[in-house]
Amino acid sequence: MALILKTDIDRGDDWQTALATLMPELEVRDWAAPGDPAAIEFALVWAPERGALGRFPNLKAIFSIGAGIDHLASDPNLPAGVPVVRMVEPGLSAGMVEFVVMSALYHHRFMLDYAAQQRDKAWREIAQIPTSRRRVGVMGLGVLGGACAAALPRFGFPVAGWSRTLKTQADVTVFHGADGLIPFLNRCDILVCLLPLTAETQGILNADTFAALPRGAALISVGRGGHTVEADLLAALDSGQIGGATLDVFRDEPLPPESPFWNHPRVVVTPHIASMTIAETAAEAVIENIRRVRAGQAPAPIVDLARGY
Ligand code: NDP
Ligand code: OXD
3 MALILKTDID RGDDWQTALA TLMPELEVRD WAAPGDPAAI EFALVWAPER GALGRFPNLK
63 AIFSIGAGID HLASDPNLPA GVPVVRMVEP GLSAGMVEFV VMSALYHHRF MLDYAAQQRD
123 KAWREIAQIP TSRRRVGVMG LGVLGGACAA ALPRFGFPVA GWSRTLKTQA DVTVFHGADG
183 LIPFLNRCDI LVCLLPLTAE TQGILNADTF AALPRGAALI SVGRGGHTVE ADLLAALDSG
243 QIGGATLDVF RDEPLPPESP FWNHPRVVVT PHIASMTIAE TAAEAVIENI RRVRAGQAPA
303 PIVDLARGY
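All you need for the working numbering is the position in the sequence shown, starting with 1, plus 2.
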């Protein structure tokens, strides 16, 4: 029984160790040295080259190393009939909650203004407002968005969420579908995007969306770069319609040196690190799924490739 592993960051050893600890009989092969392709039953991958998974004729499941599966769904030659399983693991959720709460507090406490004041050596107090008057909205109430929407009320923020289908969640005002979008946006002083990238969500952070937010709202973009129409965001930042943004994901990654976001005074740029899969905890989810498949059960959660998430 062999698994082929492709990570994009230098985490190969973490995975090898974590998988070997839980299932010593699983042979983990490196992407660059797959050996006999017919022996590979499982793939654990991040951003494989298009068509490359087709090399393995006996694949029983494809595990995405990340929660997002757009890196797989965009492959027109993905092996047919092989379930694609997205990553749900506690380390990834915990990291995203940390990042989103930190970023919401950063904008709430005017830290962009204080960073500018520090550069100018200006000692000036900005009147503080309570979190109860700063409304946060989370686009996407799935595993990660739902966890963030659950954490934010603990700081006193009134929280709303928007999803494709109707959800219920304690302490969260819920909106859904196309009809729910504008009413949702109208009450977001801080907007968090944690949608998957699909045909429907591509370009969803655009001029119309920004115009529906209260003036001066902050954006925390942690889903995918393809959600944002970057020219529209720059225009909204420059006009003050968007007061500040934390951008972790971009259309082109790494963000090119010439991007205006790097030096924009109202933008915090991070290199797609809002949350990272932790091999130690994620290996448990992968091994549990391998056990399920070997027992004749379906792995979970399987992605609906037609829907895109
Ligand atoms: P889930 O699949 O659990 O949740 C997706 C949510 O988005 C669901 O609530 C879904 O609605 C909603 N949604 C999907 N399409 C639409 C639509 N057209 N309109 C409204 N709502 C929609 O995903 P996760 O929470 O696990 O992950 C979300 C994304 O976060 C990933 O796809 C990835 O792109 C990104 N990510 C970014 C990271 C980073 O470091 N920056 C790290 C990890 C993930 P419904 O509930 O009705 O199905
Ligand atoms: C993910 C990511 O999808 O890291 O998990 O972006």
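Glycine included, each C-beta is placed from N, C-alpha and C at the ideal position. Every value quoted in this text rests on a predicted model; they were computed, and no experiment measured them.
Residue i in three-state terms, based on DSSP
{"i": "ALA308", "result": "coil"}
{"i": "CYS190", "result": "coil"}
{"i": "ARG166", "result": "coil"}
{"i": "SER66", "result": "strand"}
{"i": "SER76", "result": "coil"}
{"i": "ALA45", "result": "strand"}
{"i": "SER223", "result": "strand"}
{"i": "ALA209", "result": "helix"}
{"i": "ALA201", "result": "coil"}
{"i": "HIS178", "result": "strand"}
Residue from the options whose Cα sits closest to the Cα of residue i
{"i": "ALA35", "options": "LYS8, ASP16, THR19 and ASP122", "result": "LYS8"}
{"i": "ALA40", "options": "VAL161, ILE184 and PRO59", "result": "PRO59"}
{"i": "VAL161", "options": "PRO262, VAL271, GLN120 and PHE186", "result": "PHE186"}
{"i": "ILE244", "options": "PHE212, LEU197, PRO273 and GLY225", "result": "PHE212"}
{"i": "HIS109", "options": "ILE42, ALA209, VAL270 and THR279", "result": "VAL270"}
{"i": "GLY182", "options": "ASP115, PRO81 and ARG166", "result": "ARG166"}
{"i": "ARG137", "options": "ILE67, ILE192 and ALA300", "result": "ILE192"}
Status (buried if at least 16 other CB within 10 Å, exposed otherwise) for residue i
{"i": "GLY142", "result": "buried"}
{"i": "ARG315", "result": "Residue 315 cannot be examined here, being either before or after the span of the chain that is shown, 3 to 311."}
{"i": "THR203", "result": "buried"}
{"i": "TRP264", "result": "exposed"}
{"i": "ASN79", "result": "exposed"}
{"i": "GLY179", "result": "exposed"}
{"i": "THR23", "result": "exposed"}
{"i": "ARG156", "result": "exposed"}
{"i": "GLY298", "result": "exposed"}
{"i": "PRO256", "result": "exposed"}
{"i": "THR170", "result": "exposed"}
Beta-carbon proximity check, residue i vs residue j, cutoff 8 Å
{"i": "ASP234", "j": "ALA276", "result": "no"}
{"i": "VAL90", "j": "ALA118", "result": "no"}
{"i": "GLU232", "j": "ARG253", "result": "yes"}
{"i": "ILE222", "j": "THR200", "result": "no"}
{"i": "VAL194", "j": "VAL102", "result": "yes"}
{"i": "GLY163", "j": "VAL140", "result": "yes"}
{"i": "ASP72", "j": "TRP48", "result": "no"}
{"i": "LEU55", "j": "LEU46", "result": "no"}
{"i": "LEU154", "j": "ALA220", "result": "no"}
{"i": "GLY97", "j": "SER134", "result": "no"}
{"i": "GLY242", "j": "ARG226", "result": "no"}
{"i": "THR283", "j": "PRO92", "result": "yes"}
{"i": "VAL99", "j": "ALA172", "result": "no"}
{"i": "ILE64", "j": "ALA4", "result": "no"}
{"i": "ASP77", "j": "GLY53", "result": "yes"}
{"i": "LEU239", "j": "HIS274", "result": "no"}
{"i": "ALA75", "j": "LEU307", "result": "yes"}
{"i": "VAL86", "j": "ILE292", "result": "no"}
{"i": "LEU236", "j": "PRO198", "result": "no"}
{"i": "GLY228", "j": "LEU114", "result": "no"}
Limits of the unbroken alpha helix (DSSP H) element including residue i
{"i": "ILE289", "result": "281-296"}
{"i": "PHE101", "result": "92-110"}
{"i": "GLY148", "result": "145-153"}
{"i": "ASP115", "result": "113-121"}
{"i": "GLU232", "result": "232-241"}
Endpoints, the beta strand (DSSP E) within which residue i is located
{"i": "ASP32", "result": "29-32"}
{"i": "GLY139", "result": "138-141"}
{"i": "VAL269", "result": "269-271"}
{"i": "GLY246", "result": "244-249"}
{"i": "LEU5", "result": "4-8"}
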